[in-house]
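Visitor: Residues 210 to 374 (the numbering used here) make up the sequence shown, in order. No residue lacks a Cβ here, since even glycine has one placed at the ideal position from N, Cα and C.
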Amino acid sequence: MRLKKVLNNNAVLVTDGDGEKVAFGAGIAYGMRKNDLIHFQKVEKLFVMKENEKLQQLLSRIPEEHFIISEEIISYAEQYLGSKLSEHIHLALTDHVSYTIDRIKQGIHLKNDLLNEIKILYSKEYEIGLWAINRMKEKCNIEVTVDEAAYIALHIHTMRLQEDE
Numbered sequence: 210m211r212l213k214k215v216l217n218n219n220a221v222l223v224t225d226g227d228g229e230k231v232a233f234g235a236g237i238a239y240g241m242r243k244n245d246l247i248h249f250q251k252v253e254k255l256f257v258m259k260e261n262e263k264l265q266q267l268l269s270r271i272p273e274e275h276f277i278i279s280e281e282i283i284s285y286a287e288q289y290l291g292s293k294l295s296e297h298i299h300l301a302l303t304d305h306v307s308y309t310i311d312r313i314k315q316g317i318h319l320k321n322d323l324l325n326e327i328k329i330l331y332s333k334e335y336e337i338g339l340w341a342i343n344r345m346k347e348k349c350n351i352e353v354t355v356d357e358a359a360y361i362a363l364h365i366h367t368m369r370l371q372e373d374e
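1. Going straight from the alpha carbon of residue 223 to that of residue 325, what length do you get?
2. Can you pull the DSSP bridge partners for residue 375?
3. By the 10 Å Cβ neighbour count, where 16 or more other Cβ atoms means buried, how is residue 319 classified, buried or exposed?
4. I think residue 279 touches residue 303, with their Cβ atoms under 8 Å apart; what is that distance to the nearest whole Å?
5. Which same chain residues end up closer than 8 Å to residue 239 when comparing Cβ atoms and leaving out the 5 residues on each side of it in sequence?
6. Run through the segment 259-333 for me and flag every whole alpha helix (DSSP H) of 4 or more residues, listed as ranges in chain order.
7. Looking only at its chain, what residues have a beta carbon closer than 8 Å to the beta carbon of residue 220, apart from the 5 residues adjacent to it on each side?
8. Applying the 10 Å Cβ sphere with the 16-neighbour rule, what's the burial state of residue 248?
9. In angstroms with no decimal places, state the Cα-to-Cα distance between residue 297 and residue 274.
10. Tell me the residue span of the beta strand (DSSP E) that contains residue 217.
11. Pick out whichever of 229, 340 and 346 has its Cα sitting closest to the Cα of residue 244.
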């Protein structure tokens with residue numbers, strides 16, 4: 210695979226015989242330049258996206274710290290649940306986490322009217338959401354409410370269903 214474009218330190222656009230893909234890996238872009246070879250051992254996740262341009266735009270505007278937090282949440286969720294989530298979680302949750310952090314830094318907090326129902330119906334996912342908001346608090350020094358844990362729980366639940374299909 211050859212590097213086509215650096216999206217951030219942990220995500221690159223690559224080309225191979227099958228076309229363009231997005232490769233993720235810790236520090237995958239460090240010291241790399243256009244047309245450099247990307248070694249498979251550096252790649253943790255590889256995506257072939259129909260909406261490649263949308264993904265590129267998203268990754269280029271999201272701070273690296275938000276991407277890392279999102280990947281930590283996904284890893285924790287998969288370990289906690291004992292199963293893989295849909296690959297689409299990387300795009301959806303990263304976008305959500307970044308938007309949430311930016312919104313909270315602007316002093317905007319959203320109430321989740323379904324909080325109690327989500328706690329009951331999706332208790333495992335909600336526990337993951339609680340872990341996630343604590344991670345966001347630690348990494349970004351922001352105050353995140355339990356309402357946000359419920360929103361994250363819905364993302365996790367949706368991606369569990371997609372993986373089961």
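Guide: Inspection of the coordinates gives the following:
1. As a first step, residue 223 is located in the sequence shown; it is residue number 14 there, counting from the start. As a first step, residue 325 is located in the sequence shown; it is residue number 116 there, counting from the start. Their backbone Cα atoms lie some 43 Å apart in a straight line.
2. Not covered by the structure: residue 375. The range shown for the chain is 210 to 374.
3. Indexing the sequence shown from 1 puts residue 319 at position 110. By the neighbour-count rule (16 or more Cβ atoms within 10 Å), residue 319 is not buried but exposed.
4. Position 70 of the sequence shown, counting from 1, holds the residue named residue 279. Position 94 of the sequence shown, counting from 1, holds the residue named residue 303. At roughly 4 Å, the Cβ-Cβ gap stays under 8 Å, so residue 279 and residue 303 are in contact.
5. Reading the sequence shown from its first residue, position 30 is the one you call residue 239. Closer than 8 Å at Cβ, skipping near neighbours: 218.
6. 261-270, 273-290, 298-314 and 324-330
7. Along the sequence shown, one-based indexing puts residue 220 at 11. Contacts found: 231, 232, 233, 237, 238, 268 and 276.
8. On the sequence shown, residue 248 is found 39 positions in, with the first residue counted as 1. Label assigned to residue 248: exposed.
9. Locating residue 297 in the sequence shown gives position 88, counting from the first residue. Locating residue 274 in the sequence shown gives position 65, counting from the first residue. Using only the alpha carbons, I get a separation of about 19 Å.
10. Here residue 217 is taken as the residue at index 8 of the sequence shown, counted from 1. Note, residue 217: beta strand (DSSP E), 211-217.
11. Position 35 of the sequence shown holds residue 244. Residue 244 has its Cα closest to that of 229, out of 229, 340 and 346.
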